[in-house]
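Everything on this sheet refers to the single structure shown next.
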Amino acid sequence: MRRPIFALTLALAACSILYELVLAQTLGALLGNTLLRYNVTIGLYLAALGAGALLAPRAEGGDPAGTLARIEWPLALLGGAGPMLFFLWDAAVFRAARAMGIAFRGFLYQAAIYGFDHAVIIAVGILSGFELPLLMRLAEREGPDPGAGSAVLAVDYAGTLLGAVCFPLLLLPRLGLLGTAAAAGLVNALCGAYLIIRRARGPSGGRLALAAATLGAACLAAAALAYNPSLERLASASFTLP
Amino acid sequence: MNRSPLSRAEILALAAVLSFCSLVYELDIAACFVSITGDAPFWESLTLGIYLAALGAGALACSRRPDSDPWPSLWRVEAALAVAGGACAAGVLALETAFRIYSRFYASGPSLAIAVVALALGHGFTVLVGWLSGFELPLLMRAARRDDGSGAEAASAVLGLNYFGALAGSLAFSFWLLPRLGLLGSTTAASALNLAACAFLLRRGPLPASAARLTALGAAAAAWLALALGSPALSGLEAASCYAQRLGVIEEVGGPGNAPLGRILRTLWRRAHAVERVPSRYQRLELVNGVFKDSPLWSFFNHRLKLEPGLPYGLSLFLDRHFQFRGGAETVYHEYFAHVPVQIFSRVPQDVLILGGGDGLLARELLKYDGVRSITDVELDPAMVELALRDPRLRLLNSDSFRNPKVRVVTGDAFFFVRNDRATYDAVYIDFPFPHTYDTAKLYTAEFYRNVARRLRPGGFGALDYPMLADDAGQDSGKEEGLRKNSIIVNTLLAAGLKTIVPFSVESPELVAAWQSATLEPRPEPDIDPEISRLLRRVAAKRFLRKHPGVVVNEKEDLDLVSNRSMTETFLAFTPERSQPDFDFKDNGVILYALTPLRLKTLEGGHFSFRDDPQLVNTLLRPTLFKPLGLQSSSFD
Chain A
205 MRRPIFALTL ALAACSILYE LVLAQTLGAL LGNTLLRYNV TIGLYLAALG
255 AGALLAPRAE GGDPAGTLAR IEWPLALLGG AGPMLFFLWD AAVFRAARAM
305 GIAFRGFLYQ AAIYGFDHAV IIAVGILSGF ELPLLMRLAE REGPDPGAGS
355 AVLAVDYAGT LLGAVCFPLL LLPRLGLLGT AAAAGLVNAL CGAYLIIRRA
405 RGPSGGRLAL AAATLGAACL AAAALAYNPS LERLASASFT LP
Chain B
12 MNRSPLSRAE ILALAAVLSF CSLVYELDIA ACFVSITGDA PFWESLTLGI
62 YLAALGAGAL ACSRRPDSDP WPSLWRVEAA LAVAGGACAA GVLALETAFR
112 IYSRFYASGP SLAIAVVALA LGHGFTVLVG WLSGFELPLL MRAARRDDGS
162 GAEAASAVLG LNYFGALAGS LAFSFWLLPR LGLLGSTTAA SALNLAACAF
212 LLRRGPLPAS AARLTALGAA AAAWLALALG SPALSGLEAA SCYAQRLGVI
262 EEVGGPGNAP LGRILRTLWR RAHAVERVPS RYQRLELVNG VFKDSPLWSF
312 FNHRLKLEPG LPYGLSLFLD RHFQFRGGAE TVYHEYFAHV PVQIFSRVPQ
362 DVLILGGGDG LLARELLKYD GVRSITDVEL DPAMVELALR DPRLRLLNSD
412 SFRNPKVRVV TGDAFFFVRN DRATYDAVYI DFPFPHTYDT AKLYTAEFYR
462 NVARRLRPGG FGALDYPMLA DDAGQDSGKE EGLRKNSIIV NTLLAAGLKT
512 IVPFSVESPE LVAAWQSATL EPRPEPDIDP EISRLLRRVA AKRFLRKHPG
562 VVVNEKEDLD LVSNRSMTET FLAFTPERSQ PDFDFKDNGV ILYALTPLRL
612 KTLEGGHFSF RDDPQLVNTL LRPTLFKPLG LQSSSFD
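Residue numbers (the numbering used here), protein chains in the order written: chain A, 205 to 446; chain B, 12 to 648.
What follows is the structure, encoded as C-alpha cells:
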C-alpha cells in the first residue's frame with residue numbers, strides 16, 4: 205500500500221535536486237566561475253526547501269494529494285524549461301542592453317540577469333520544498349505505522365543522492381543541460397498525473413483543469429526531449445548571434 | 012542540578028550558527044575535491060548527495076530515542092563536529108598528499124585504483140560531518156518544544172532559522188571565507204564557532220558543566236589549535252608533493268623506492284619554501300623557483316640561453332597545479348606559437364588580440380614586429396597581470412612587454428569579451444590553460460570560436476594551443492584518446508565556421524621533461540626485459556639525433572630526455588576563409604632564437620589525424636571535451 209508513495213518520493217526528490225544542479229551548471233555556463241555558482245545555488249536550494257517546508261502546512265488544506273498534484277505541473281514547467289529560459293533571458297537582456305547602450309558590467313544589466321536567474325532557482329526550490337511535508341502527510345494517512353514519516357524522509361534523501369550521482373555521470377553527458385531538465389520535468393509531470401488518477405479528492409471541476417495542465421506539461425517535456433538537438437542549437441545560437 | 016533553559020532567541024541563534032558551520036564544512040570538502048580534480052559538476056553534486064544522505068541517516072538515528080534530553084546529545088555532537096569539521100579539509104588534503112607521495116616515491120606512477128580509494132576515504136569525512144550534522148536539527152527542535160511552551164510553532168521557527176543559517180553559510184563561504192581564508196582556514200573558522208557553541212552551552216547552563224565535559228572541551232580545543240597551527244605546514248607539504256619532481260626532491264632522496272618516509276617528508280618540507288603561492292581569487296597561482304640545468308641539447312633548441320644568460324630560466328608557473336611554462340623552455344614554445352602563423356599566412360598583423368596570455372610572453376614575441384600597431388591582451392586574473400607587470404623575474408622573461416605602449420591589457424573574462432567587444436583584429440591568439448575544469452572547457456566551445464571568428468577582419472588569422480593532455484601524449488593506449496581529442500577540437504572549429512585549419516607542432520625537450528613521470532628513468536615498457544627496454548630507448552635517441560644534426564649529447568640526463576617518445580606541443584592556426592598556407596620562410600627582420608627556416612619547412616605536411624563527426628562538437632550545453640570524474644592521470648602528475 206505504501207510502496208507507491210516511496211517510489212513517488214524517490215522520483216520527486218531526484219527531480220528536485222536535478223533541477224537545482226542543472227540550473228547551477230547553466231549559471232556556470234552563462235555567468236562563469238562554476239564553483240561559485242554551485243555553492244550559491246546549493247545554499248539557495250536548502251533555504252528555499254526550508255521555506256517550502258514551513259509554508260506547506262498552511263497550503264495543504266486537508267488534501268495533501270490534491271495540493272501535491274497542484275504543484276507538480278508548475279514545477280515540471282519551470283524546472284524543465286529553466287535552462288532554456290536562462291539562455292533566452294540572457295540573449296534578450298544582452299540585445300536590449302546593446303540597443304539601449306547600457307554597459308555590460310553595469311549594475312542594471314547584472315541585476316536583470318542575476319535577479320531573474322536566482323528568482324527562478326528560489327521558486328523551484330520553494331515548490332520542491334512543498335513536496336516532502338506533503339508526502340510525509342500522505343504516508344501517515346495511508347497506514348497506521350507511525351514510522352512512516354521517517355521512512356519517507358529516508359527515501360527522500362536516497363532520491364537526492366541518486367539524482368546527484370546521475371547528473372554528472374549519466375544525464376549531463378548523454379542528454380546535455382536542456383535534455384536533463386526536460387527529462388526531470390517529464391518525470392515530475394508523470395508523477396503529478398499519477399497523483400490525480402489515484403488520489404485526488406477535490407471537486408471534479410477543478411480536477412479536469414488540473415489534469416489538462418499536467419498532461420500539457422508532460423507533452424511539452426516529452427516534445428522538448430524529442431527535439432533536444434534543435435533546442436540545443438537554438439540556445440547556442442541565441443548566445444552567439446550579434 | 013543548576014540548569015537554566017535557553018530562551019527562544021538563543022535556541023534560534025544556535026540553530027542558525029550550527030547549520031552555518033555544517034554547510035561550510037560540506038562546501039569546503041567539495042571545494043577540496045574540485046581543487047584536486049578540476050571537475051566541479053561531479054564533485055559538487057556527489058559531495059552534496061553524500062552529505063544529504065548522511066544528514067538523513069543522522070536524523071533517523073536521532074529519532075530512535077525521541078524522549079531523551081536533547082542537551083547532552085547536542086553537546087556531544089557539537090564537540091565531535093568541532094573536531095571532525097576542523098579536520099575535514101585537512102584530512103582530504105592530507106590524503107591527497109599521501110597519494111602523491113606514494114605515487115611518486117613508491118609506485119611507478121599514479122594508479123587509478125589507488126586514486127579512487129583515496130577519494131573514497133576522503134568522502135568518509137563527508138559522511139561523518141553529514142551524519143553528525145543530521146542530529147542538530149531534530150535535537151534543537153526537541154529542545155524548542157520542551158523548554159519553550161509553544162511547541163509546534165517554536166519547532167517551525169527553528170526549522171526556518173536552520174535553513175537560513177545554511178544559506179548564510181553558503182554565501183559567506185563563497186564570497187568571504189574561501190577567497191580570504193582559503194580551504195583550510197575556512198574550516199578552522201567554522202570549527203572555532205562550533206567550539207564556541209560548546210563553551211556557550213556549558214556556561215549558559217542547560218546542561219551541567221561536569222569535569223568530564225570540561226576535559227572533553229579542553230581536548231577539542233587542543234585539537235583545534237593543533238589543526239590551526241599545522242595548516243601552513245600541511246599546505247606547504249601538499250604544494251611540495253605536487254611539484255616534487257620540479258623541485259628536485261626525487262633526485263635528492265635518491266630516486267623512487269629507496270628513501271625512508273621520514274627523509275622524503277623532511278626533504279619536501281625543506282624544498283617547500285621554493286613554492287610561492289600568489290593570492291588570487293580565480294585560481295591557484297604558484298611560482299616554483301627551480302634550478303635550470305643548461306646543456307648542449309637545451310642550447311640547441313633555444314639560443315636565447317647562450318645569448319641572454321642570467322635570466323631566471325628555472326622559474327616555473329603553475330595554474331591550479333597545472334604546468335604553464337618554465338623560463339628556459341618557453342622561448343621555443345612562444346616563438347612557434349607567435350611566428351609560425353605569421354609565416355604560413357604570409358602577413359604581419361597590425362592589430363592583435365591575445366586571449367589569455369597574462370604572462371606577457373606571447374606579447375613579447377609579437378612586439379618584435381614593427382608592423383604590429385597594437386596588442387590587446389584579455390586576461391581574467393588581475394593577480395597574473397600584476398605579476399607580469401611588477402615581478403622582476405617575469406619582467407625579465409617577458410622583456411617587460413606589458414609596459415610597452417603598444418600593449419593594452421584588459422582584465423576580464425575572454426569568453427564574454429569576444430561576445431561583447433565590437434572591434435575587429437587582424438590576428439587572434441588564444442593562449443589558455445588546458446581544459447581541466449568546466450570553466451576552462453568553456454573556452455574551447457563552438458560558441459566561443461564562433462565569437463572569435465567574428466572578431467577577425469577579412470584575411471585575418473587565429474592560432475590556438477591545442478589541448479593535448481598527458482594521458483594521451485605518445486602512449487599507445489592514448490592513441491584512441493588522442494584521435495578523439497583531435498576530432499573534438501577540429502569538429503568544434505569547423506562547427507564554428509572556420510574553414511582552414513593548419514596544425515603544426517614543436518618538438519621540445521621541455522615537454523619531455525614536463526610530462527615525464529616523476530622518476531629519473533622514463534616509464535618502462537610493460538613486460539619487456541629491462542635490457543631490451545634500454546636498447547629501445549637508445550634507438551629512439553639515435554633517431555632523434557639524426558633528425559637534429561649538430562646536437563651533441565653528453566650526459567645521461569640528455570639521453571633520458573630525448574629517448575622518450577614523441578612529445579610534441581601542437582598548435583592549430585585557422586582562418587574563417589579558405590586559404591593556402593605557405594611554408595616558405597619569409598624574412599620579416601625579426602630575431603628568432605628557436606624557429607629556423609629548416610624547422611619551418613619540416614612542419615609542412617605534419618601528421619594530424621581526426622574523424623569527421625558532428626556529434627563530437629564541444630558546446631556550452633554539451634561539454635564533450637570535458638571528461639567526467641576528473642580522474643585523468645594528468646590531474647595527479
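Backbone N, C-alpha and C define an ideal beta-carbon position, used for all residues, glycine too.
What you are looking at is a predicted structure, and each value in this text was computed from that prediction instead of being measured.
Candidates the options: which alpha carbon is nearest residue i's?
i: T448(B); options: Q229(A), A426(A) and C219(A); result: Q229(A)
i: E458(B); options: G470(B), A425(B), A474(B) and A438(B); result: A425(B)
i: R87(B); options: R419(B), A210(B), Y174(B) and Y380(B); result: A210(B)
i: L63(B); options: L258(A), A368(A), L424(A) and A296(A); result: A368(A)
i: I441(B); options: L467(B), A474(B) and G470(B); result: A474(B)
i: A438(B); options: A394(B), R466(B) and P320(B); result: R466(B)
i: V127(B); options: W54(B), P81(B) and R153(B); result: W54(B)
i: L322(B); options: F312(B), Q335(B), N300(B) and D331(B); result: N300(B)
i: F585(B); options: Q335(B), V353(B), D331(B) and V169(B); result: V353(B)
i: I47(B); options: A100(B), A24(B), C32(B) and E492(B); result: A100(B)
Within 9 Å of any Cβ in chain B, is that where the Cβ of residue i sits?
i: P208(A); result: no
i: P268(A); result: no
i: G247(A); result: yes
i: A362(A); result: yes
i: S354(A); result: yes
i: F443(A); result: yes
i: V244(A); result: yes
i: V369(A); result: yes
i: A439(A); result: yes
Return no unless some Cβ of chain A is closer than 9 Å to the Cβ of residue i.
i: S498(B); result: no
i: D623(B); result: no
i: S185(B); result: yes
i: I539(B); result: Note that I539(B) has pLDDT 49, beneath the 50 cutoff, so the model's placement of it is unreliable and no number is given.
i: T635(B); result: yes
i: N502(B); result: no
i: V353(B); result: no
i: N462(B); result: yes
i: N575(B); result: Low confidence applies to N575(B): its pLDDT is 45, below 50, so where it sits in the model is not reliable, and the reading given next is rough at best. Not closer than 9 Å to any Cβ of chain A, the Cβ of N575(B) fails to qualify, so no.
i: S18(B); result: no
i: N173(B); result: yes
i: Y36(B); result: no
i: D450(B); result: yes
i: F426(B); result: yes
i: L627(B); result: no
i: P632(B); result: The residue you asked about is not Pro; residue 632(B) is Leu in the sequence shown. So yes, L632(B) belongs to the interface.
i: R430(B); result: yes
i: E147(B); result: no
i: A155(B); result: no
i: V649(B); result: Look at the range of chain B in this structure, 12 to 648, and you will see that residue 649(B) is not part of it.
In terms of residues, what are the limits of the beta strand (DSSP E) holding residue i?
i: Y440(B); result: Y436 to D442
i: G473(B); result: L467 to D476
i: L296(B); result: L296 to N300
i: T422(B); result: V418 to T422
i: R633(B); result: Note, R633(B): premise wrong, no beta strand (DSSP E); not H, not E.
Would you mind reading off the limits of the alpha helix (DSSP H) that contains residue i?
i: N431(B); result: A425 to N431
i: A315(B); result: Before going on, a small fix: residue 315(B) reads as Arg here, not Ala. Segment R315 to L318, the alpha helix (DSSP H) holding R315(B).
i: E436(A); result: N432 to T444
i: E249(B); result: A222 to C253
i: R341(A); result: F311 to E346
**Inside the region 322–396 of chain B only - beta strand (DSSP E) runs reaching at least 3 residues** = 326–330, 333–337, 362–367 and 385–390
**Near-chain B residues of the region 379–411 of chain A - C-beta to any C-beta below 7 Å** = G380, L381 and L382
**Prompt:** If you measure beta-carbon to beta-carbon, which residues of the region 47–64 of chain B are closer than 8 Å to chain A?
**Reply:** D50, A51, P52, F53, E55, S56, L57, L59, G60, I61, L63 and A64
**Message:** Restricting to runs no shorter than 4 residues, where is the alpha helix (DSSP H) found entirely within the region 51–79 of chain B?
**Reply:** 51–74
**Message:** At a CB distance below 8 Å, what residues from the region 330–350 of chain A approach chain B? Give them in sequence order.
**Reply:** none
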